[in-house]
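Chemist: My questions will all concern the structure given below.
In my numbering, the protein residues as written are -6 to 130.
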């Protein structure tokens, strides 16, 4: 009985020590959104209801549907650090202002160095912060 009590006290002490160091693993809902689709938190371009979206596969492969263009890329993640490498974009018949907005969005995503998640909101932080909402429906 005394050994069991000692074991419980030791286990409680370990749990308290680990918890105070912040060493609990992040929950899945706070992790990088692998396997999910998200939509940019931005107003639509004039004359369009379309908003850019990202679909990130389980291995970091990404499909981009922008205001006009579409393409692929790759995300690499280590902790809060993120690297996005864009592939080639499909050059659809885009008006110059939408083509420029697409190119600027890809450049901002490529320049992001960190990411953070709060619930259904994912931000890519660099010189410009891009906020996306997870498509949860």
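We put the beta carbon where it would ideally sit given N, CA and C, even for glycine. In this text the structure is predicted, and so the values were computed from the model without any measurement.
In whole angstroms, give me the CA-to-CA distance for residue 107 and residue 69.
Modeler: Rounded to the nearest whole angstrom, the C-alpha separation of residue 107 and residue 69 is 11 Å.
Chemist: Alpha carbons only, please: which of 42, 122 and 55 is nearest the one belonging to residue 97?
Modeler: 122
Chemist: At which residue ranges does the region 59 to 128 contain complete alpha helix (DSSP H) runs of 4 or more residues, listed in the order of the chain?
Modeler: 89 to 104
Chemist: Between 58, 75, 40 and 52, which has its C-alpha nearest residue 109's C-alpha?
Modeler: Among 58, 75, 40 and 52, the Cα nearest to that of residue 109 belongs to 75.
Chemist: Report yes or no: is there a C-beta of chain B within less than 8 Å of the C-beta of residue 34?
Modeler: Of the protein chains in this structure there is only one, and it is not chain B.
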